[in-house]
Each structure stands twice: as C-alpha cells, then as structure tokens.
Amino acid sequence: MSTAEELVLEAEPLRYYSYNDEAAFFEWLDKLPCVTSYKGRGRALYITVNTAAVDDEAFRDLFALFRRYDLDREQLHRLAPVQFTSWFGDAASTDSVPAG
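Going by the working numbering, the first residue of the sequence shown is number -8, and it counts up by one from there.
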C-alpha cells in the first residue's frame, strides 16, 4: 500500500541475462536515495519510492532503469517533474532519453 509520500512501482516482467546483469540491477536500485525498499512477490518486484525524494536526477535514473530492463514506464508518470512529461507522449518515442 502506498502513502502520500510513497509510490510502489511494479517491476514485471523482470529478465536478467546473467548473474552480473541481475547484480547490476540491484546495485542500481540501491544507489537511488528515493528508493526506500523493494520486495519480490511471485515473478514481480515491488519498488517503494519516496516521492518527496524524487528530483530531476533521481527521475532520470528511474526512467533509465525502467527503460534498460524494459519495464512499464507509464507508472513513472506520477513521479515525473514537469520538464520530463514529454518523455511519455509516445512509448515508441522514448527510445532515447534526452540529455540533461
């Protein structure tokens, strides 16, 4: 369950192509100060994000992580600072993330 300052993101389907790929995914999550916890349930991983801690850099990292692992980026809408809303215009157009 999410609170006013928390948002739970669902990472599914989550595919790793090697042990190091899986390790890199979790290392990336652990480096994000806005990620307060994550928990696997079945084939899904639930990532709890402190919405108050999502600044431009954190949003870019979350967006890149979700793109890299081909996860549903639409759920990031609620976290997106205004300047990033254009990234959601067309799922096909988000193949490249604009430089910041």
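All C-beta atoms in this analysis are idealised placements derived from N, C-alpha and C, irrespective of residue type, glycine included.
Asked, Found
"Using alpha carbons as the reference points, say which of Y37, L36, L53 lies closest to A44.", "L53"
"Look up R6 in the DSSP assignment and say whether it is helix, strand or coil.", "coil"
"Once the 5 residues before and after E13 are set aside, which same chain residues still bring their CB inside 6 Å of it?", "Y7"
"According to the neighbour-count rule (16 or more other Cβ atoms, all chains shown, within 10 Å of its Cβ), is P72 buried or exposed?", "exposed"
"From this set, S9, P4, A15, K22, which residue's C-alpha is nearest F50's C-alpha?", "K22"
"The alpha helix (DSSP H) spanning L36 covers which residue range?", "Counting along the chain, L36 falls outside any alpha helix (DSSP H), though it belongs to the beta strand (DSSP E) covering 35 to 41."
"Which first and last residues belong to the alpha helix (DSSP H) in which R51 is found?", "47 to 59"
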